[in-house]
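The structure appears right after this line, and notes come after that.
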Amino acid sequence: NVRVAIVLFAGGLTAGALTIYGLASNGAMLGTIFAVVQGYGLGGGLLAFIAGHGVLELSAIFLSGGAGLRLAWAILRPGERSRRDALRLGSAQASRVMLLVIPVLGVAGLIEGFLSPSGASDTVKAGVGVVTGIVLWGYILLIGRSRVSA
482 NVRVAIVLFA GGLTAGALTI YGLASNGAML GTIFAVVQGY GLGGGLLAFI
532 AGHGVLELSA IFLSGGAGLR LAWAILRPGE RSRRDALRLG SAQASRVMLL
582 VIPVLGVAGL IEGFLSPSGA SDTVKAGVGV VTGIVLWGYI LLIGRSRVSA
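Numbering of the sequence shown is given in our numbering, commencing with residue 482 and proceeding in unit increments.
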């Protein structure tokens, strides 16, 4: 998943084409897997397995895609800046997002490796997913934002 995150981020340099393709194909793949597994009546088990780490993992993937699209925006719509200057600024902003993504994927990997396959109840797994999601998005929305001067 680290590789997926890096490809989504770097895909912004293709004016976002690779980023958009990567997000769409990963979404289609996950949806297809759920549909097939549900067709065999095992969707609940897959959901229980993913519940603990999925919120962090999917959030990290979406954030990586957003960082890649920030690069694409700098290329496609530089505004008053040269494309080089816009890309420099966009890269700095997107890189800050990626500095959060990598440890988030690390925590998701630990949860996936230890909690997800464990015998812990589905409630515990879902609770971990909810709590880690609240912590991540609370940080992003309340603490991790840069102050904007008026």
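Heads up, the beta-carbon is just placed ideally off N, CA and C, and yes, glycines get one too.
Task: Buried or exposed (CB count within 10 angstroms, at least 16 for buried), Gly549 - done: Taking the first residue of the sequence shown as 1, we reach residue 549 at position 68. Under this definition Gly549 is a buried residue.
TODO: Specify the secondary structure class of Pro559 as computed by DSSP and reduced to three states.
DONE: If you number the sequence shown from 1, residue 559 lands on position 78. Looking at Pro559 - three-state DSSP - the assignment turns out to be coil, as it is neither helix nor strand.
Open item on the list: Considering Cα atoms alone, identify which of Gly625, Arg564, Gly610 is closest to Leu539.
Closed with: Position 58 of the sequence shown, counted from the start, is the residue given in the question as residue 539. The residue with the shortest Cα to Cα distance from Leu539 is Gly610.
Task: Of the listed residues Ser597, Ile514, Trp554, nearest to Gln574 (C-alpha basis) - done: Within the sequence shown, residue 574 is the residue found at index 93, counting from 1. Nearest option by C-alpha distance: Trp554.
Task: Alpha-carbon spacing of Ala541 relative to Leu586, whole angstroms - done: Your numbering for residue 541 matches position 60 in the sequence shown. Your numbering for residue 586 matches position 105 in the sequence shown. Their backbone Cα atoms lie some 7 Å apart in a straight line.
TODO: Measure the CB-CB distance between Leu596 and Gly546 and report whether it falls below 7 Å.
DONE: Counting from one through the sequence shown, the residue named residue 596 turns up at place 115. Counting from one through the sequence shown, the residue named residue 546 turns up at place 65. Going by C-beta atoms, Leu596 is not nearer than 7 Å to Gly546.
Open item on the list: On the criterion of 16 or more Cβ atoms from any shown chain inside 10 Å, does Met510 qualify as buried, or is it exposed?
Closed with: Along the sequence shown, one-based indexing puts residue 510 at 29. It is exposed - the Cβ of Met510 has fewer than 16 other Cβ atoms within 10 Å.
Task: 7 Å Cβ cutoff met for Ala486 and Leu537 - done: As a working mapping, residue 486 is identified with position 5 in the sequence shown. As a working mapping, residue 537 is identified with position 56 in the sequence shown. It is not a contact, given that the beta carbons lie outside the stated cut-off.
Task: Tyr502: first and last residue of the uninterrupted alpha helix (DSSP H) it sits in - done: Position 21 of the sequence shown, counted from the start, is the residue given in the question as residue 502. Run containing Tyr502: 498-520, per the alpha helix (DSSP H) assignment.
Open item on the list: Counting beta carbon pairs with one atom in the stretch 525-534 and one in the stretch 602-622, are three or more of them shorter than 8 Å?
Closed with: yes
Open item on the list: Once DSSP output is grouped into helix, strand and coil, what is the label at Leu523?
Closed with: Stepping through the sequence shown from its first residue, residue 523 is reached at position 42. Reduced to three states, the DSSP call for Leu523 is coil.
Task: Residue span of the alpha helix (DSSP H) that contains Thr613, given as start and end - done: Within the sequence shown, residue 613 is the residue found at index 132, counting from 1. Start and end: 603-619.
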